[in-house]
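Encoded as structure tokens, the structure appears first; notes follow it.
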Amino acid sequence: MSSVSMAVNLGGIPMKNPVNTAAGTFAAGWQFENLMDVGALGAITTKGAAAEPWAGNPQPRLHEVTSGMMNSVGLMNPGVRGLVRESGDYLRDLATRTSVICQVAGHSVQEYVQAVELFEELAPWAAGLEINISCPNIAKGGAAMGSTPEGAAEVIRACRAVTKRPLLVKMAPTRVAEIAVALEDAGADALTVINSIPAMAINVHTRRSYLSRPTGGLSGPCLHPIAVRMAWEAAQAVSIPICGVGGIMTGEDAAEFILAGCTAVSVGMANLVEPGSALRIERELELWAREQGVSDINELIGAFEC
Ligand SMILES: Cc1cc2nc3c(=O)[nH]c(=O)nc-3n(C[C@H](O)[C@H](O)[C@H](O)COP(=O)(O)O)c2cc1C
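Each number in our numbering corresponds to the 1-based position in the sequence shown with 22 added.
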């Protein structure tokens, strides 16, 4: 079988192959260095960081469920300054080998803007910024900022005004098509679809949640068909590229997102179950592309036929 060009462009972020890592499941990358060649990935995305450090939620924060896991980490992070202090030297070097995407968190439009400004100042090596609009909006009682087209667009318009770097948006699994259109209009360069799905798991013996909070975010294979459907809906609705996320454990899982119209994919929970799986998934994706008889993976983006 002849070779396939695997390079893609995610809204201005060059990727040597379509495989990225999902925010919060790959830390800042260096934690995986002795398990895999991190620089061989198409990109990595760092854990969401805010203008100031966040403590996150109390333990327990993780719970395994059938075909997946739930988390209520609560976006614990050391802040942009802390991330750059702890991992900036590594990430600067990594950025010479692959694209480094930094995820941005915030509780208000102003906090997002402050975090983007800090990344602008302290992280010139970042190939792009990913705005996580699933963060709770403290001013509006904790509802996710990205749960309405208006709220989502307001965050992205404000961030767009302070950076020229490629801007990705990590979307909540709600009203995907209409919010995608609002985000494209607001200046997003690409969309990451989807974040974990709000879920509950109750210990019937203690009558308590398995997590320290009533609900948590569901990740893993149980999410995959829902995520593929939502990524496909987003891809139908907008012309900016989509990065598909949700339950990718194999190259074929990633291929489904590509066929549904995604330019790239992010591997999440699989990093926790099998560290190093992101590169296996990349190899399997390449094998599939060869079997499809194309010379360039871009030919397969959106090639789904009903
Ligand atoms: C432990 C853990 C922490 C996460 N932290 C973040 C985060 O900081 N920001 C974010 O946008 N998503 C976060 N996510 C969600 C993932 O990035 C991803 O969207 C979700 O898990 C679905 O993909 P998967 O099924 O491949 O894991 C986290 C997921 C897990 C399991």
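By construction, the Cβ of each residue, glycine as well, lies at the ideal position given by its N, Cα and C atoms.
These figures come from a predicted structure and were not determined experimentally.
With 16 as the cutoff for other CB atoms within 10 Å, does residue i come out buried or exposed?
| i | result |
| --- | --- |
| Ala-259 | buried |
| Pro-195 | buried |
| Val-226 | exposed |
| Ile-224 | exposed |
| Arg-230 | exposed |
| Ala-45 | buried |
| Leu-57 | exposed |
| Val-122 | buried |
| Thr-228 | exposed |
| Pro-40 | buried |
| Ala-77 | exposed |
| Thr-237 | exposed |
| Gly-315 | exposed |
| Arg-235 | exposed |
| Ala-249 | buried |
| Ser-329 | Residue 329 is absent from the model: the chain starts at 23 and stops at 328. |
| Cys-284 | buried |
| Ser-288 | buried |
| Glu-274 | exposed |
| Leu-187 | Checking the sequence, you will find Arg at residue 187 rather than Leu. With 16 or more other Cβ atoms within 10 Å, it is buried. |
Which residues in the same chain as residue i place their Cβ atom closer than 7 Å to its Cβ, once the five residues preceding and following it in sequence are excluded?
| i | result |
| --- | --- |
| Thr-272 | Ile-303 and Glu-306 |
| Gly-242 | Ser-89, Gly-90, Met-91, Gly-269 and Met-291 |
| Thr-185 | Val-138, Glu-142 and Leu-151 |
| Thr-49 | Per the sequence presented here, residue 49 reads as Ala, with Thr not at that position. So the qualifying residues of the chain are Lys-69. |
| Ala-180 | Val-131, Tyr-134 and Val-135 |
| Ser-252 | First, the amino acid is wrong: residue 252 is Met here, not Ser. So the list reads Pro-195, Val-198, Val-215 and Ile-216, once near-sequence residues are dropped. |
| Leu-97 | Gly-70, Trp-76, Gly-78, Ala-127 and Cys-157 |
| Gln-81 | Ser-234 |
| Thr-47 | Gly-290, Met-291, Asn-293 and Leu-294 |
Can you find the residues in the same chain that come closer than 6 Å, C-beta to C-beta, to residue i, ignoring five residues on each side of it along the sequence?
| i | result |
| --- | --- |
| Leu-240 | Gly-90, Met-92, Ser-218, Ile-219 and Ala-221 |
| Asn-154 | Gly-70, Gln-125, Ala-127 and Lys-192 |
| Ala-256 | Val-198, Ala-202, Leu-213, Val-215 and Ile-264 |
| Leu-105 | Ala-71 |
| Tyr-112 | Trp-52 |
| Ser-27 | Asp-318 |
| Glu-74 | Gly-101 |
| Glu-321 | none |
| Gly-324 | Gly-283 |
| Thr-170 | none |
| Gly-298 | Leu-57 and Met-58 |
| Leu-281 | Ala-325 and Phe-326 |
| Ala-29 | Lys-38 |
I'd like the list of long-range same chain contacts for residue i, defined as Cβ closer than 8 Å, with 5 residues on each side in sequence excluded.
| i | result |
| --- | --- |
| Glu-172 | Ala-204 |
| Asn-159 | His-129, Ser-130, Ala-165, Ala-166, Met-167 and Gly-173 |
**Asked** Can you give, in chain order, each stretch of the beta strand (DSSP E) that sits fully within the segment 270–319 and has at least 3 residues?
**Response** 286–289
**Item:** Entirely enclosed beta strand (DSSP E) segments - the segment 47–96, minimum 3 residues
**Value:** 65–71, 84–87 and 90–93
**Request:** Go through the segment 141–173 residue by residue and report every complete run of the beta strand (DSSP E) that reaches 3 residues or more, in order.
**Result:** 150–154
**Message:** Does the segment 76–90 come into contact with the segment 55–68, if we say contact requires no fewer than three beta-carbon pairs (one atom in each stretch) closer than 8 Å?
**Reply:** no
**Asked** Residue ranges of each alpha helix (DSSP H) run of no fewer than 4 residues wholly in the segment 180–235, ordered along the chain?
**Response** 198–208
**Completely contained alpha helix (DSSP H) runs for the segment 106–147, where each covers 4 or more residues** = 131–144
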